[in-house]
Amino acid sequence: MGQAKSEVLQGTLDLMVLQTLDAMGPQHGYGIARRIEQLSQDVLKLNEGTVYAALLRLLQNGWISSGWGVSENNRKARFYSITRSGRKRLSSETENWERVSGAIGRVLQAARAR
Amino acid sequence: MLAFLRTVLSRFAALFGGTRADSEVDDEVQAHLALLTERFERQGMTPEEAHYAALRQFGGVTPLREELRERRTWPQLETTWQDVRYALRQLRKSPGFTLAAVLTLVLGIGANSAVFTIVNTAFLHPLPVDRPEQLVSLNRGRQSVNLSYPDYRDFRDRNDALSGLAACRFMAVSLSISSGNNSRVWTYEATGNYFDLLGVKPFLGRFFGPRDDDRPGAHPVAVLSYGTWRKRFAADPNVAGRTVKINGLAYTVVGVAPQGFIGTERILLPDLWVPMSMEAQIEPGNYWLDKRAWRNVWVFGRLKPGVTPGQAERSLNQVARQLAHDYPSTNEGMHIQLSPPGLIGRAFRGPVMAFTAVLMGVAGLVLLLSCLNLAGLLLARAADRRKEMALRLALGAGRMRLVRQLLTESLLLAVTGGAASVLLTLWISHACSSLNLPFDIPANTSLTVDLRVLLFTFAAALVATVLFGLAPALQTVKVDLVPALKNGRSTGRLRNWHLRDLIVASQIAVSFVLLVSSVLVLRSLRHALDLDLGFQPDGAVSVSFGLGLQGYDEARGRAFQDALLLKAAALPGVRAVGIANNVPLRIGTDDGAVSAVGKPIPPISRLNSAIAYQISPGYLAAAGTRLLAGRDVDWRDRAGAPRVALVNRTFARTLFPGENAIGKRFRFGSDPKAGQIEIVGIVQDGKYESLGEDPELATFLPLAQNYNHWTTLVMRTSLPPGQATASLRRLIAEMDPSMPLFNTGSLRDQLAYPLFPARVAAVVLGLFGFIAVVLAATGVFALVAYAVARRTREIGIRMALGADAWQVLGTILARTAALSLVGAAAGTAVALAAGRSLSAVLYGVGPNDPRTYAVALLLMAAICALSCWLPARRALRIDPSRSLRQE
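Protein chains in written order, with numbering that gives the first Met the number 0: chain A, 0 to 113; chain B, 0 to 886.
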């Protein structure tokens, strides 16, 4: 059961990570976590560790690439950036997300109206 | 594609060298946590508060690390590797169990791969010639593989289905490489197209071809086998062109056959090949290349591309019908059947197939038995591991995961067993290749262990795993958590027991079947040893030689034979001495169709065939063959005197039913003009070609009236056989120092050849029976020992309450006894049903012989009782006070 829930979360988290990298350019994990926190305005409570699982998934699908760099506090850090196929994926997934969430929204609205 | 490869490689790298990727992740996580902590400190927390807040916000580090690790590698592969390592640890922890399991498996799988190696060598392994699948062997009807040379030529020239047809014959010759040094070797006489048709290339020099086979006696050339070239010619690279003497005539060696090429028959090892046109020189005094009635050659051909054996058979039988029409006296009713080459047509193939089928069946039973044994072992082990399994289940392990783990253990055992079996098979085939067979004909006994055998062995191991591993594994994970964890007894005691009961009962059933078959063959071997052979093998020796092979013509040959008889009769200790062309139960009997004079002559296909021997006066007494009526041949029966013969009882009764055959006449063949032979004596029946044959017609003709250069001297003597044989050797060496002898020694020892099939059957099936008994005994032992161990407490209570020894024994043994009875009953049923397949290797014992069953039942009962005894004794020695305090 837990699996079904996390799958939904995984999908959306992957989408948010992709969007972040697309908008902000190369980022390390910490940066991505900050950006999601900031944009979601604390609505989504996020275990920041799960960002790394999402990053590995995206890497294995070839949607992002990674390389080593130096972070703000002069530490060695791994930076991730979106690839071309990642952008394609992002746009198709975004479209899909909007369609589905729109549909869900309409269904829920209809339910409230009754 | 490249990206995919990279992923695969990185996953592999991660699988085995997981630590580096782990440490990189750690670095990343540590950096993240440090940044978070700094941020919280900036927001005003103490460093310690900030640290914990960061950890909270990040979530669990360890689960993340595991998740990443699982993502990076193949989780399936990773857990399999884990399972393997765990299984190895488990097996190492119980070496006794592991050893027992592997040994059981080696017995089961090893028996099968050994038998399969035989099947592979005899049937599956392709002959080392060009496109062997196109080769076919011609058989005349069901029984015989021999055709006459004129018939061969007609088939070769008139059929339209074969791209070539060749003929060959296997013969002993006398080979002399340097002067005066003769040895008896075996050659193929082969038609000129033989090597071309097989598509082999010479290792050295050239082969002979059609031009070397065009005129009788014109081309004395020889091809050496690779083995002979190494052994007798010291691998001389310039051997082509050397001259050797075969039967006293000079031949030029033209080439050497490649290693591994032994012609078309898998079981014969030729030393030489010579052209068929040299037939008269290879077989002195026996010229048959133009005789349609003499069926002496083996014929094989190559199918034209796209022609099926069925079509070829039809085409050849058209020719056969023409021949039957043109030559009714020799070819009436002739019918050609094709068979794969390799085992001398169908003649040998049938019995070999029947025997290997029996072997396969028996080996399969042994495998089944060892699987059952292992299943029993694993079940006992499973019961001991109930607590471990329950604990792992309680901690959240999936049941399928546990089954997988247990199956991995079984698979590991099976693979180990398989590997050991391969070693065993290699060892067996090595031992076989240096085997000395009790025949004068050089037989190929090297077994082919190749990829097929390996695949078969591991397939058997895999099947075994599923057979013995799955049920116990499923049973193991079906535990009730609460009682198991509380160290309590399993409440559903019977649940564990049903499967085990079934296993033990089937073990007893299967081993009973094996026991019956081995008792049957052992009894049949004893029968064979006691058979009335028609001569007395004890107290007599013999030596054989071929005078024609040494260049003796008939006059010199007769003189030699007569002189030898006189000198041998003067040796000390001799009671009787005689000469025959051959003695019964040796390879190479002569037979011919016979018909009674003065009675209607039946058609060719209905003529009786009689085995014919040529004997000198004194032979009957020397061989110990009883004369039932009339007289023996004597010195009156010279060439020119009226032709006479002795016949055996079956001959007399078949040709002259209800009459006194003495004084009656018969002839060879059905031609009324053929010479008539008067019967002057009747001798006892005997066995002539094999121990298992039905009574056959036999006739003994005076050697003086029917010269044969093949000479077997038989001497009945009071001296020990070794001494008597040595004096015969000396005697012959004085008369002709270069004479090669064969089949020397006591007649009893030389029975090894006819007894060979019975001996092999007895050894192999006896061995399998022994294995079966051992496995059944350990199975029963394990069952009872386990029952005692599990019920120590119960027995203790019973004893404390006053049960006596018999009552305790009753509780322990009642079940075993019942199971044994059920198993033996089932085994009897199966053995009765399957017994018929054994009749191919039985002599004088029916497959349903009641005494055999009685013996097997008694043995089985004794084995069960014995294997119960030790654990039962332990049960009796249980000390109630101790056993009650135990838990």
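All C-beta atoms in this analysis are idealised placements derived from N, C-alpha and C, irrespective of residue type, glycine included. Since we're looking at a predicted model, the values are computed, not measured.
The beta-bridge partner set that DSSP reports for alanine 189/B consists of Cys167/B and Pro274/B. Straight through space, the alpha carbons of isoleucine 245/B and glutamine 722/B are spaced by roughly 31 Å. Following the DSSP letters along the chain, one finds aspartate 156/B inside the alpha helix (DSSP H) bounded by residues 148 to 157. Bounds of any alpha helix (DSSP H) do not take in glutamate 677/B; it lies within the beta strand (DSSP E) bounded by 676 to 682.
Here the C-alpha atom of threonine 227/B lies approximately 18 Å from the C-alpha atom of alanine 249/B. A Cβ of chain A is located within less than 8 Å of the beta carbon of alanine 30/B. In the structure shown, the three-state DSSP call for tryptophan 709/B is strand. It is roughly 55 Å from the alpha-carbon of alanine 508/B to the alpha-carbon of leucine 727/B.
Taking the beta carbon of valine 60/B as reference, the chain A residues within 8 Å of it are Gly48, listed in sequence order. Of all residues in the region 61 to 80 of chain A, only Gly61, Ser70, Glu71, Asn72, Arg74, Lys75, Ala76 and Arg77 place a beta-carbon less than 8 Å from a beta-carbon of chain B. Chain-order list of chain A residues neighbouring arginine 70/B: Ala52, Leu55, Arg56 and Gln59, by C-beta distance under 8 Å.
Secondary structure note for tryptophan 297/B: its beta strand (DSSP E) is the uninterrupted segment 294 to 302. The residue among Phe115/B, Val135/B, Ala30/B and Ser510/B with its C-alpha nearest the C-alpha of leucine 856/B is Ser510/B.
In its chain, beyond the 5 residues on either side, Thr464 have a beta carbon closer than 6 Å to the beta carbon of leucine 410/B. Secondary structure note for glutamine 40/A: it is in no beta strand (DSSP E), with a DSSP letter that is neither H nor E.
At a beta-carbon threshold of 8 Å, none of the residues of chain B lie near glycine 101/A; the nearest stands roughly 31 Å away.
The three-state secondary structure of aspartate 589/B, taken from DSSP, is strand. Membership of tryptophan 228/B in the alpha helix (DSSP H) is indicated by the continuous run 225 to 231. The DSSP assignment places complete beta strand (DSSP E) segments of no fewer than 3 residues inside the region 502 to 573 of chain B at 539 to 545, in order along the chain. For glutamine 56/B, the nearest CB of chain A lies under 8 Å from its own CB, placing it at the interface with that chain.
Taking a 10 Å sphere around the C-beta of tyrosine 618/B, we find 16 or more other C-beta atoms and assign the residue as buried. Distance from the CA atom of tyrosine 706/B to the CA atom of glutamine 549/B, rounded to whole angstroms, is 16 Å.
Here DSSP, grouped into helix, strand and coil, assigns proline 701/B to strand.
Residues of the same chain with a CB within less than 8 Å of the CB of aspartate 289/B, apart from the 5 flanking positions on each side, are Tyr148 and Pro149 in chain order.
Following the DSSP letters along the chain, one finds valine 118/B inside the alpha helix (DSSP H) bounded by residues 94 to 118. Under the Cβ criterion of 8 Å, glycine 28/A is counted among the residues facing chain B. Restricting attention to Ala160/B, Leu469/B, Ala396/B and Met275/B, the CA atom closest to the CA of glycine 208/B is found in Met275/B. Take the alpha-carbon of leucine 626/B and the one of proline 350/B: they are about 34 Å apart. Cβ neighbours of leucine 521/B within its own chain (closer than 7 Å, five residues either side excluded): Ala761 and Gly765. In the DSSP assignment, arginine 55/B falls within the unbroken alpha helix (DSSP H) covering 46 to 57. The closest CA to that of tyrosine 225/B, considering only Met170/B, Ile261/B and Gly822/B, is found on Ile261/B. Taking C-beta atoms as the reference points, leucine 366/B and leucine 774/B fail to come closer than 8 Å. Against chain A, the beta carbon of glutamate 66/B has neighbours under 8 Å at Ala52, listed in chain order. With the rule of 3 Cβ pairs closer than 8 Å, the region 113 to 122 of chain B counts as touching the region 347 to 362 of chain B. Taken in chain order, the whole alpha helix (DSSP H) runs of length 4 or more contained in the region 609 to 633 of chain B are 618 to 622. Note on asparagine 138/B: 16 or more other CB atoms within 10 angstroms of its CB, so buried under the neighbour-count rule.
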